[in-house]
Structure formats: C-alpha cells, structure tokens
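Participant: First the structure, which I've put down as structure tokens, then a few questions once you've had a look.
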Amino acid sequence: MKRVLVIVAHADDMEFMAGGTIAKMAGLGYDIREVIATNNERGTLDPAWDARFTAETRREEARRGAAVLGVDPGVEFLGYEDGRLSETPLNELRERCMRALRTHRPDVLFTWDPFAPYEEHGDHRSIALAATEAASFSHFPLYHPEHAQDGLAPHYVGERYFFAKSPRDANKTVDISEQIDRKIDALCEHVCQMEMTVMEAQAAVAASGLDVPFVSDADPTDYRPLIEAQINAWAASVGKRAGFAYGEEFRRQRFGGMERWLPGGEGLPDDV
Ligand SMILES: [Zn+2]
-6 MKRVLVIVAH ADDMEFMAGG TIAKMAGLGY DIREVIATNN ERGTLDPAWD
44 ARFTAETRRE EARRGAAVLG VDPGVEFLGY EDGRLSETPL NELRERCMRA
94 LRTHRPDVLF TWDPFAPYEE HGDHRSIALA ATEAASFSHF PLYHPEHAQD
144 GLAPHYVGER YFFAKSPRDA NKTVDISEQI DRKIDALCEH VCQMEMTVME
194 AQAAVAASGL DVPFVSDADP TDYRPLIEAQ INAWAASVGK RAGFAYGEEF
244 RRQRFGGMER WLPGGEGLPD DV
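Residue numbers (this note's numbering): -6 to 265.
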C-alpha cells in the first residue's frame, strides 16, 4: 500500500489544491497523512474572534475536512504562527519537514510548488521551499544525523506532486470527475473559511461595481452554492484541457526523473 504525505501551511490548503486527487488516492487504499505547519490563527474576518479561538476552530475543521477526503490516520500540526512562516529560518522548517518525511515515510509527497509564480502568501512560499528541500535530501544520512537517535532512518521520497494557484510546467492532470463532490464536501467542513470566502467575494463584487446578486445577496452561512460554483468552474477549466469533466493539475516529479532517461521508464505505473 502506498503512503502519501501532504505538507501544507494551512488548514484548508490540501482540500483546495488537491482534495479530489487525495480522495481518489484514499479510494485506492493509500495511507494518507497531512502535516499543517501553522496554527491558522489569523484566518478570520470576524473582529469578534480572537487568535486562540480561531486556531482551535480551524484545527477541528482541518481534522473534519481531512476525514471527509479519507486522510487516515490523520493530521499533525507543527504549531508555527500563521502569516509569519517566512520568519522561521529555512533550516529549521526544513528539519521539521525532513523529520516528518522520516517519520511517516511516504512514497508520494504533495506540497506547494516553490517555483510557481505569483504566490502572494509567504506561508505557502516558505513551506513549499522547506518541504521540497527536505524531500530532496531526506535519504542523505548526514542531513540531520541526530534523527537516528529518535529511531528515524533516512528515507527516499519517490514521487512529488506540486500544486500552485498559477501552475508552471504542469505535467499531470488527475481526473477528479468522481471526486468533485467529495472535494466540495471536504471544503465545506471548513465552515469559518467558507464563510470568509463568501465575504471576500462580496467585497470583491462590491469594489468592482458589478451587479451580481448571486454573490452580493448570498448569506455567508449558506456558503455551499458559491463554493460549488467556484470549485466546479475551476476544476472544469482544468479538466477540459485533458478531456475530463473535472480535473486537478500538478507539476509532478517522480523517481528522480528516470522516466526521461531509463529505457521503459515512460511505462512506469500511474495509479491516478
Ligand atoms: Zn494557505
């Protein structure tokens, strides 16, 4: 059985960027785990919420969203401050990611693409670089040899799926036509984030001067129709290019690039 580790910055990153693919892999019996770097404590527009309440709420929503996708045995939190991950030294964050890789020993890593353009969120850029570097060197015993004292052996990560809001060099589209509803279900477990998504869309529509009653008249607590519209349109535009009703796309690297040079390498199995 293959193991998957998802390393992200925030509670809903996985659901947004790879929820359909994760649900599909879970359906194939993969063992899937998630590491979330921050406490998510700044993810609210509600002035009545304090950081501790926001962090606790989002931790619970992360567990529920992951469970809907079939992430099992579950979610681990690294505990860094939301919105300030870039202030953590890269070496420290990379060590935490390498420790996670050596602990969970995944065949497949999912994370943000450190080389995709236009990523505005510093937390995404930081975890992307740290996780990618960690996966490049986690099989080198002299990178953090102290891990051996905790019984953690070097580990080679064979496949990496990178996701991005503006993907560059995407080379893998996963057909998520059968998982699109599960992806939306999982996102809808992130209640406070989905309410915030509606409020942000309303702010955008108001600022634009457009007349879009579907958005401006929406009740943020009844967020599902707007989330469905957003996710369906995005997944349909990605899927269309590959001939699928709905898709998610990735820049994928696997087995050190041997697909390109090993005779027969292009015939490597592809599960999704
Ligand atoms: Zn995020």
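We treat Cβ as the ideally placed atom computed from N, Cα and C, and that holds for glycine.
Here the structure is a predicted model, which means the values were calculated and not measured.
From this set, R(-4), A124, G22 and R95, which residue's C-alpha is nearest I29's C-alpha?
Facilitator: Cα-wise, what sits closest to I29 is A124.
Participant: By how many angstroms is the C-alpha of V(-1) removed from the C-alpha of V68?
Facilitator: Rounded to the nearest angstrom, the two C-alpha atoms are 9 Å apart.
Participant: Under 7 Å: does the beta carbon of A229 sit that close to some heavy atom of ligand 1?
Facilitator: Not so, every heavy atom of ligand 1 lies at least 7 Å from the Cβ.
Participant: Starting from D6, follow the alpha helix (DSSP H) in both directions and report where the run begins and ends.
Facilitator: First-last of the alpha helix (DSSP H) with D6: D6 to G20.
Participant: If I'm right that V167 touches G63 with Cβ under 8 Å, what's the distance once you round it to whole angstroms?
Facilitator: Their Cβ separation, rounded to whole angstroms, is 15 Å, which puts V167 and G63 out of contact at 8 Å.
Participant: Taking a contact to mean a Cβ-Cβ separation below 8 Å, would you say E36 touches L78 in this structure?
Facilitator: First, the residue type needs correcting, since residue 36 is Gly and not Glu in the sequence shown. Contact: no.
Participant: Cutting at 8 Å between CB atoms, please list the residues of its own chain near R245, excluding the five before and the five after it.
Facilitator: So the qualifying residues of the chain are E152, R153, Y154, F155, N164 and K165.
Participant: My output table needs one value for R77: the three-state DSSP class, helix, strand or coil.
Facilitator: In the structure shown, R77 sits in coil (DSSP, three-state: anything other than H, G, I, E or B).
Participant: On the premise that L21 lies in contact with D264, defined as a C-beta separation below 8 Å, what is that separation, rounded to the nearest angstrom?
Facilitator: D264 to L21, Cβ: 6 Å. Contact.
Participant: Report the three-state DSSP secondary structure of K305 (helix, strand or coil).
Facilitator: Look at the range of the chain in this structure, -6 to 265, and you will see that residue 305 is not part of it.
Participant: Which runs of the alpha helix (DSSP H), 4 residues or longer, sit entirely within the stretch 90 to 167?
Facilitator: Within the stretch 90 to 167, the complete alpha helix (DSSP H) runs of at least 4 residues are 115 to 130.
Participant: Exposed or buried, W254, counting other C-beta atoms within 10 Å across all chains shown (16 or more means buried)?
Facilitator: Answer is exposed; the Cβ neighbour count stays below 16.
Participant: Would the beta-carbon of A109 be found less than 7 Å away from any heavy atom of ligand 1?
Facilitator: A109 Cβ: outside cutoff for every heavy atom of ligand 1.
Participant: Quick one: residues in its chain with C-beta nearer than 6 Å to the C-beta of S119, no 5 flanking neighbours on either side, listed in chain order?
Facilitator: The residues are L78 and S79.
Participant: Should A2 be counted as a contact of ligand 1 given a C-beta to heavy atom distance under 7 Å?
Facilitator: Yes, ligand 1 has a heavy atom inside 7 Å of this Cβ.
Participant: Expressed to the nearest angstrom, what Euclidean distance is found between the alpha-carbon atoms of I280 and F133?
Facilitator: Lying outside -6 to 265, the shown extent of the chain, residue 280 is not represented and no answer is given.
Participant: Using the C-alpha atoms, what's the distance from Y111 back to L203?
Facilitator: Near 25 Å, if we compare the C-alpha coordinates of Y111 and L203.
Participant: Along the beta strand (DSSP E) that carries F243, what are the first and last residues, could you check?
Facilitator: Note, F243: beta strand (DSSP E), G240 to R247.
Participant: Nearest by alpha-carbon distance to W266: which of C185, G250, V208 and G257 is it?
Facilitator: This structure leaves residue 266 out entirely; the chain is present only between -6 and 265.
Participant: Buried or exposed: where does A197 fall if 16 or more other Cβ atoms within 10 Å of its Cβ makes it buried?
Facilitator: Label assigned to A197: exposed.
Participant: Could you say if the stretch 0 to 10 and the stretch 101 to 108 meet the contact criterion of at least three C-beta pairs nearer than 8 Å?
Facilitator: Yes, since at least three Cβ pairs between the stretch 0 to 10 and the stretch 101 to 108 fall closer than 8 Å, the two stretches touch.
Participant: Can you determine whether any heavy atom of ligand 1 sits closer than 7 Å to the C-beta of H183, and answer yes or no?
Facilitator: Flag unset: Cβ of H183 not near ligand 1.
Participant: Taking 7 Å as the cut-off, is the beta-carbon of H148 closer than that to any non-hydrogen atom of ligand 1?
Facilitator: H148 Cβ: outside cutoff for every heavy atom of ligand 1.
Participant: Using only the heavy atoms of ligand 1, determine whether one of them is closer than 7 Å to the beta carbon of D212.
Facilitator: No.
Participant: Is D6 close to ligand 1? I mean its beta-carbon at under 7 Å from any heavy atom of the ligand.
Facilitator: Checking every heavy atom of ligand 1 against the Cβ of D6, one is found closer than 7 Å.
Participant: Note the first and the last residue of the continuous alpha helix (DSSP H) segment covering I224.
Facilitator: Element bounds for I224: R217 to A235.
Participant: With a 10 Å radius around its C-beta and 16 neighbouring C-beta atoms as the bar for buried, classify L261 as buried or exposed.
Facilitator: Exposed, since its Cβ has fewer than 16 Cβ neighbours within 10 Å.
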